[in-house]
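Going by this note's numbering, the sequence shown opens with residue 5, and the numbers climb by one from there.
Think of the CB as a built atom: it goes at the ideal place given N, C-alpha and C, for glycine as much as any other residue.
Take a look at the structure set out below.
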Amino acid sequence: MNHKIIGIFGGTFNPIHNGHLRLAIELYERLDLAQVRLIPAACPPHKEQPDVTSQQRLQMVQAAITGIQGLTFDDRELQRQGLSYTIDTLSSLRNDYPANPLALIFGMDAFLGLPSWYKWEFIMDFAHIIVVTREQSGCQNITNTMNAFLHKYQTDNPQDLITKTAGKIWLQDIPTLNISATQIRAIIAAGKNPTYLLPPAVLDLINTQQFYK
Ligand code: ATP
Numbered sequence: 005m006n007h008k009i010i011g012i013f014g015g016t017f018n019p020i021h022n023g024h025l026r027l028a029i030e031l032y033e034r035l036d037l038a039q040v041r042l043i044p045a046a047c048p049p050h051k052e053q054p055d056v057t058s059q060q061r062l063q064m065v066q067a068a069i070t071g072i073q074g075l076t077f078d079d080r081e082l083q084r085q086g087l088s089y090t091i092d093t094l095s096s097l098r099n100d101y102p103a104n105p106l107a108l109i110f111g112m113d114a115f116l117g118l119p120s121w122y123k124w125e126f127i128m129d130f131a132h133i134i135v136v137t138r139e140q141s142g143c144q145n146i147t148n149t150m151n152a153f154l155h156k157y158q159t160d161n162p163q164d165l166i167t168k169t170a171g172k173i174w175l176q177d178i179p180t181l182n183i184s185a186t187q188i189r190a191i192i193a194a195g196k197n198p199t200y201l202l203p204p205a206v207l208d209l210i211n212t213q214q215f216y217k
């Protein structure tokens, strides 16, 4: 592989939906990424254990990205025992790709919650961070800690993401779809129709395996 930026997009993906997928495709194209790796979390430290197994969430991710250029799945968090910490995932990716810039992708909501993550300040040693600012939400409600963090690492020069392999924060304003997995689970549980919120192949899996009923 050449030394383009590898995008790393982690999440519960319970289920993966068009909001996630549009975000990944937009970033792949706009930032000329080598690829975006979608990494389902095994036991997300921040969320309750989902009612669908991690293998089933992975299966939905695989179905969602089939045939989509630039998107790939990565099951390394499911291979590990215990909690999935992002810092461990990054360290393992750095081993696999010593020369590529790595860029962790976050929605602004997830980014602002970073200080509760295990060893969060060390993330910058392994990767850049791309923060997607959704619906011009900008940085309202930003804490002093995150303001200082942004100030220390933010760059306005896209070349920094290519010439360095880690350590910069890039804010990317892109249109995002107002879809959440919570909303989709609620629609299905209520016996309503979630068509167009997620790929047909994922909805097929949900229907045949009776998820979220
Ligand atoms: P839930 O509703 O269960 O909390 P979710 O839809 O927010 O799930 P996650 O798997 O928790 O999905 O999200 C993973 C990442 O995707 C996070 O960084 C989050 O900010 C981002 N994300 C979630 N929904 C969207 C969306 N509609 N558009 C762009 N990014 C999104």
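Cβ-based neighbour list, residue i, same chain, cut-off 8 Å, excluding 5 preceding and 5 following
i, result
"L37", "K8, I9, I10, G11, L31, G74, A107"
"S95", "F130"
"D92", "R84"
"K123", "Y89, I91"
Any non-hydrogen atom of the ligand ATP closer than 8 Å to residue i Cβ
i, result
"H132", "no"
"T149", "no"
"D113", "yes"
"H7", "no"
"Q187", "yes"
"A93", "Reading the sequence as shown, one finds Thr at residue 93 and not Ala. T93 Cβ: outside cutoff for every heavy atom of the ligand ATP."
"R41", "no"
"G14", "yes"
"F17", "yes"
"F110", "yes"
"D145", "In the sequence as presented, Asp is not what sits at residue 145; that position holds Asn. Result no, Cβ not under 8 Å from the ligand ATP."
"G183", "Note that residue 183 is Ile in the sequence shown here, rather than Gly. True, at least one ligand heavy atom lies under 8 Å from that Cβ."
"V56", "no"
Chain-order list of residues whose beta-carbon lies under 7 Å from that of residue i (same chain, five-residue window excluded)
i, result
"I183", "H21, N22, G23, L201"
"E81", "I43, P44, A45, A46, S88, T93"
Inter-residue CB distance, residue i and residue j (contact presumed, cutoff 8 Å)
i, j, result
"K168", "P105", "7 Å"
"S88", "A45", "5 Å"
"P19", "A185", "6 Å"
"T180", "V135", "Not confirmed; about 12 Å, so no contact."
"Q60", "F215", "7 Å"
"A205", "T70", "7 Å"
"I133", "I178", "Not quite, the Cβ-Cβ distance comes to about 15 Å (not below 8 Å), so this is no contact."
"P198", "A68", "That pair is no contact at about 14 Å."
"L116", "I72", "That pair is no contact at about 29 Å."
"A194", "K217", "With a Cβ gap of about 10 Å, A194 and K217 do not count as contacting."
"Y101", "M128", "Y101 to M128, Cβ: 17 Å. No contact."
DSSP bridge partner residues for residue i (one or two, in chain order)
i, result
"G14", "I43"
"G111", "V136"
"Q187", "Answer is none; Q187 lacks a bridge partner."
"I173", "I133, Q158"
"L118", "Note: L118 sits in no beta bridge, so no partner."
"L181", "L181 is not bridged to any residue."
"F77", "L42"
"G106", "According to the sequence provided, residue 106 is Leu. The question's Gly does not apply to it. Note: L106 sits in a beta bridge opposite I10."
6 Å CB neighbourhood of residue i in its chain, flanking five on each side removed
i, result
"L42", "F13, V65, F77"
"G26", "Here residue 26 turns out to be Arg, not Gly, going by the sequence shown. Answer for R26: L181, listed in chain order."
"L175", "V135, T137"
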